[in-house]
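Engineer: Could you have a look at this structure, given as structure tokens, before my questions?
Residue numbers (our numbering), protein chains in the order written: chain P, 84 to 369; chain F, 142 to 330.
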């Protein structure tokens, strides 16, 4: 019985020793970075075939056992978990992304009215020089400016490679520069800020014979930006025993004009989109 | 009297026949109804890897039902295409589901495999996926995937390494060519 126990213990020691010896055959780096060379140590003697496999990588090399094998950085551009395989032995190691160097930036929308809450969104994806996503938290700066004036400047810390924000549109119209930056990398997008709905829409009317010339004051939004030419303004005439007549006119050089038949006792009103302007009752001087 | 008895026997046998047919019909319907889900499941399994998805943590935008279905379908298909692409050095499978950095990564791998005479085989045992980000304008989604995989490395058709692993991935999917495709597939350390 005692002999049997000795034999079992001896076998266990042999297995442990063999395992330890095998473990010593392949030494992989504890830390590695994408794009940087690594060195893998091998044990034993003679020749062997080393395979290094990982995301986007499959390297096979004939190596002399007992020495070190260097794999150049240009062959290790992808980050992730790698495995080195040598004559039945395998060891894993992780290659981390290189420092942040690139951004993919989604900015929406490309055209938006001024002074609207939470209408502009920016999403930045952070990559290293080899297009590996940087999963480590990284500060990303977002800047929004219109005609040289800053409308927003905010730093957002990324999570799982993404930093994003939603913000209001500025009150001034123009081509807004929306920039996302991380380190020395920055990406610029242009968002066209256009005037919002007309505000304080007013018209005046002048009688010319049997016709009535109606025209608006310069049409502006609530922030004072001129509403773009081409926007439709509707003049409506009701009452006076002539039913209802409407004329759609486009804003031209900031003002909309139309000619209507002069109907005594009729009421004139003006509207653009959902915005109503003033009313004028015909009679008296008109 | 005899004629009456004959009529009643004929009526009985007609009734029995109709009962038999009804039972047979009901039985057939039962068999068909039990087979249909099995057949559907068999075809569904062919669509891609087994993917269990959870969209409840996606922010800042809520994921629409149609998008949930599309993401589930396309992400499962992406893993199936990845496994087939790497197993057979078939770039068309990679083209079908991957764009951008992820596409370049696996295209590189296929090129290197071909050069070295190696192959990678993924035995996909399933994915537990959480959607963690859905962009405000709805064009990009980030998933966190815990994948159960067996990875084999083959040299000249002979398995030189095989390991069973549970890996965590971050995947970014974007809409490309009218479909959701994987733009980034990054392993979490």
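The C-beta atom is built at its ideal place from N, Cα and C for all residues, glycine as well. Bear in mind that the values here come from a model prediction, so they are computed numbers and not experimental data.
1. Using a Cβ-Cβ cut-off of less than 9 Å, give me the residues of the segment 155 to 167 of chain P that come near chain F, in sequence order.
2. Would you list, in sequence order, the uninterrupted beta strand (DSSP E) runs of no fewer than 3 residues that lie entirely inside the segment 133 to 162 of chain P?
3. In or out: residue 210 of chain F buried (at least 16 other Cβ within 10 Å) or exposed?
4. In chain order, which alpha helix (DSSP H) runs of at least 4 residues are fully inside the segment 224 to 278 of chain P?
5. Could you pull out every unbroken alpha helix (DSSP H) segment of at least 4 residues lying fully inside the segment 215 to 253 of chain F, listed in chain order?
6. Given a limit of 8 Å on CB to CB distance, which residues of the segment 232 to 253 of chain F reach chain P?
7. Excluding the 5 residues flanking residue 289 of chain P on each side, which residues of the same chain have their C-beta closer than 6 Å to its C-beta?
8. So, for residue 333 of chain P: in the same chain, excluding its five sequence neighbours on each side, which residues have a beta-carbon less than 8 Å away from its beta-carbon?
9. Check whether chain F comes within 8 Å of residue 146 of chain P, counting only Cβ atoms and requiring the distance to be less than that.
10. Does any residue of chain P have a CB that is nearer than 8 Å to the CB of residue 316 of chain F?
11. In whole angstroms, give me the CA-to-CA distance for residue 105 of chain P and residue 111 of chain P.
12. Determine the contact status of residue 371 of chain P and residue 161 of chain P, defining contact as a CB-CB distance below 8 Å.
13. Inspect the CB distances between the segment 198 to 208 of chain P and the segment 255 to 274 of chain P and report whether three or more fall short of 8 Å.
14. Where do the ends of the beta strand (DSSP E) carrying residue 183 of chain P lie?
15. Using 10 angstroms around the beta-carbon of residue 150 of chain F, count the other beta-carbons present and answer buried if the total reaches 16, otherwise exposed.
16. Is the Cβ of residue 237 of chain P closer than 8 Å to any Cβ of chain F?
17. Examine chain P for any beta-carbon lying closer than 8 Å to the beta-carbon of residue 286 of chain F, and answer yes or no.
18. When you compare the CB of residue 313 of chain F with every CB in chain P, is at least one pair closer than 8 Å?
19. Would you tell me roughly how many angstroms separate the C-alpha atoms of residue 350 of chain P and residue 299 of chain P, rounded to the nearest one?
20. What in chain F is Cβ-close to residue 206 of chain P, meaning under 9 Å?
21. Do residue 144 of chain P and residue 159 of chain P have their CB atoms nearer than 8 Å?
22. Can you tell me the Cα-Cα spacing of residue 295 of chain F and residue 257 of chain F, whole angstroms?
23. Beta-carbon of residue 223 of chain F versus every beta-carbon of chain P: anything under 8 Å?
24. Quick one: list the residues of chain C neighbouring residue 203 of chain F, beta-carbon separation under 7 Å, in chain order.
25. Going along the chain, which residues of its own chain have a beta-carbon closer than 6 Å to the beta-carbon of residue 173 of chain P, five neighbours each way excluded?
26. Taking DSSP's pairing of strands, which residues face residue 256 of chain F in a bridge?
27. If I measure Cβ to Cβ from residue 318 of chain F and keep anything under 6 Å in the same chain, skipping five residues before and after, which residues do I get?
28. How about residue 276 of chain P and residue 197 of chain P: are their beta carbons less than 8 Å apart?
29. Counting along the chain, where does the beta strand (DSSP E) carrying residue 216 of chain P start and finish?
30. Kindly list, in the order they appear in chain F, the residues whose Cβ is closer than 7 Å to that of residue 215 of chain P.
31. For the segment 241 to 253 of chain P against the segment 274 to 283 of chain F, are there 3 or more C-beta pairs whose distance is under 8 Å?
32. Using a Cβ-Cβ cut-off of less than 8 Å, list which residues of the segment 243 to 268 of chain P approach chain F; keep chain order.
33. Taking the alpha-carbon positions, what's the residue 224 of chain P to residue 119 of chain P distance?
34. Give the DSSP bridge partners of residue 316 of chain F, in chain order.
35. Taking contact to mean at least 3 C-beta pairs separated by less than 8 Å, is the segment 283 to 297 of chain F in contact with the segment 259 to 268 of chain F?
36. Would you call the CB atoms of residue 183 of chain P and residue 215 of chain P closer than 8 Å?
Structural biologist: In terms of the structure at hand:
1. Taken in chain order, the members of the segment 155 to 167 of chain P whose beta-carbon sits within less than 9 Å of a beta-carbon on chain F are 158, 160, 161, 162, 163, 164, 166.
2. Segments of the beta strand (DSSP E) lying fully in the segment 133 to 162 of chain P: 140 to 147, 151 to 154.
3. Residue mapping note: residue 210 of chain F aligns to position 69 of the second chain, counting from 1. With fewer than 16 other Cβ atoms within 10 Å, it is exposed.
4. For the alpha helix (DSSP H) assignment, the segment 224 to 278 of chain P encloses no uninterrupted run of at least 4 residues.
5. Counting only runs of 4 or more, we get 232 to 238.
6. Residues of the segment 232 to 253 of chain F with a C-beta atom less than 8 Å from some C-beta of chain P are 241, 242, 245, 246, 247, 249, 250, 253, listed in chain order.
7. Residue mapping note: residue 289 of chain P aligns to position 206 of the first chain, counting from 1. Here the set comprises 296.
8. Translated into positions along the first chain, residue 333 of chain P becomes position 250. Sequence-distant Cβ neighbours of residue 333 of chain P in its own chain, meaning closer than 8 Å and more than five residues away, are 312, 313, 314, 315, 316, 339.
9. Translated into the one-based positions of the first chain, residue 146 of chain P becomes position 63. Taking CB atoms only, residue 146 of chain P has no neighbour in chain F less than 8 Å away.
10. In the second chain, the residue the question calls residue 316 of chain F occupies position 175. No, residue 316 of chain F lies away from the interface with chain P (no Cβ there is under 8 Å from its Cβ).
11. Your numbering for residue 105 of chain P matches position 22 in the first chain. Your numbering for residue 111 of chain P matches position 28 in the first chain. Annotation note: pLDDT 47 at residue 105 of chain P (below 50); position unreliable, coordinate value reported separately. Near 13 Å, if we compare the C-alpha coordinates of residue 111 of chain P and residue 105 of chain P.
12. Outside the shown range of chain P, which is 84 to 369, sits residue 371 of chain P, and nothing can be said about it.
13. Yes, they touch.
14. On the first chain, residue 183 of chain P is found 100 positions in, with the first residue counted as 1. Looking at the DSSP string, the run of the beta strand (DSSP E) that includes residue 183 of chain P is 183 to 191.
15. Position 9 of the second chain, counted from the start, is the residue given in the question as residue 150 of chain F. Exposed, because fewer than 16 other Cβ atoms sit within 10 Å of the Cβ of residue 150 of chain F.
16. Taking the first residue of the first chain as position 1, residue 237 of chain P is located at position 154. It does not: the Cβ of residue 237 of chain P has no partner Cβ on chain F nearer than 8 Å.
17. Here residue 286 of chain F refers to the residue found at position 145 of the second chain. No, residue 286 of chain F does not count as interfacial toward chain P.
18. If you number the second chain from 1, residue 313 of chain F lands on position 172. True, the Cβ-Cβ gap to chain P drops below 8 Å.
19. Counting from 1 along the first chain, the entry for residue 350 of chain P is found at position 267. Counting from 1 along the first chain, the entry for residue 299 of chain P is found at position 216. Distance between residue 350 of chain P and residue 299 of chain P, taken at the CA atoms: about 16 Å.
20. Within the first chain, residue 206 of chain P is the residue found at index 123, counting from 1. Correct list: 274, 276, 277, 278, 280, 281.
21. Walking along the first chain from the start, residue 144 of chain P turns up at place 61. Walking along the first chain from the start, residue 159 of chain P turns up at place 76. Not in contact: residue 144 of chain P and residue 159 of chain P (Cβ atoms no closer than 8 Å).
22. One-based indexing of the second chain puts residue 295 of chain F at position 154. One-based indexing of the second chain puts residue 257 of chain F at position 116. Looking at the two C-alpha atoms, the distance is approximately 11 Å.
23. In the second chain, the residue the question calls residue 223 of chain F occupies position 82. Not closer than 8 Å to any Cβ of chain P, the Cβ of residue 223 of chain F fails to qualify, so no.
24. No chain C is present in this structure, whose protein chains are P and F.
25. If you number the first chain from 1, residue 173 of chain P lands on position 90. Here residue 173 of chain P has 166 as same chain residues with Cβ atoms under 6 Å from its own Cβ, once five neighbours each way along the sequence are excluded.
26. Counted from its first residue, the second chain places residue 256 of chain F at position 115. DSSP lists no partner for residue 256 of chain F.
27. What you label residue 318 of chain F is simply residue 177 of the second chain in a count that begins at 1. Once the five neighbours on either side are set aside, residue 318 of chain F has no close Cβ partner at all.
28. Here residue 276 of chain P refers to the residue found at position 193 of the first chain. Here residue 197 of chain P refers to the residue found at position 114 of the first chain. Yes, the Cβ-Cβ distance between residue 276 of chain P and residue 197 of chain P is below 8 Å.
29. What you label residue 216 of chain P is simply residue 133 of the first chain in a count that begins at 1. Run containing residue 216 of chain P: none; DSSP gives neither H nor E here.
30. In the first chain, the residue the question calls residue 215 of chain P occupies position 132. Taking a Cβ-Cβ threshold of 7 Å, the residues of chain F close to residue 215 of chain P are 327, in chain order.
31. Because the criterion of three Cβ pairs below 8 Å is met, the segment 241 to 253 of chain P and the segment 274 to 283 of chain F touch.
32. Cβ contacts with chain F: 243, 244, 245, 247, 249.
33. If you number the first chain from 1, residue 224 of chain P lands on position 141. If you number the first chain from 1, residue 119 of chain P lands on position 36. Between the alpha carbons of residue 224 of chain P and residue 119 of chain P lies a gap of roughly 28 Å.
34. Translated into the one-based positions of the second chain, residue 316 of chain F becomes position 175. DSSP, once it has assigned bridges, lists F:321 as partnering residue 316 of chain F.
35. Counting Cβ pairs under 8 Å, three or more are found: they touch.
36. Reading the first chain from its first residue, position 100 is the one you call residue 183 of chain P. Reading the first chain from its first residue, position 132 is the one you call residue 215 of chain P. Taking 8 Å as the Cβ cut-off, residue 183 of chain P and residue 215 of chain P do not qualify as a contacting pair.
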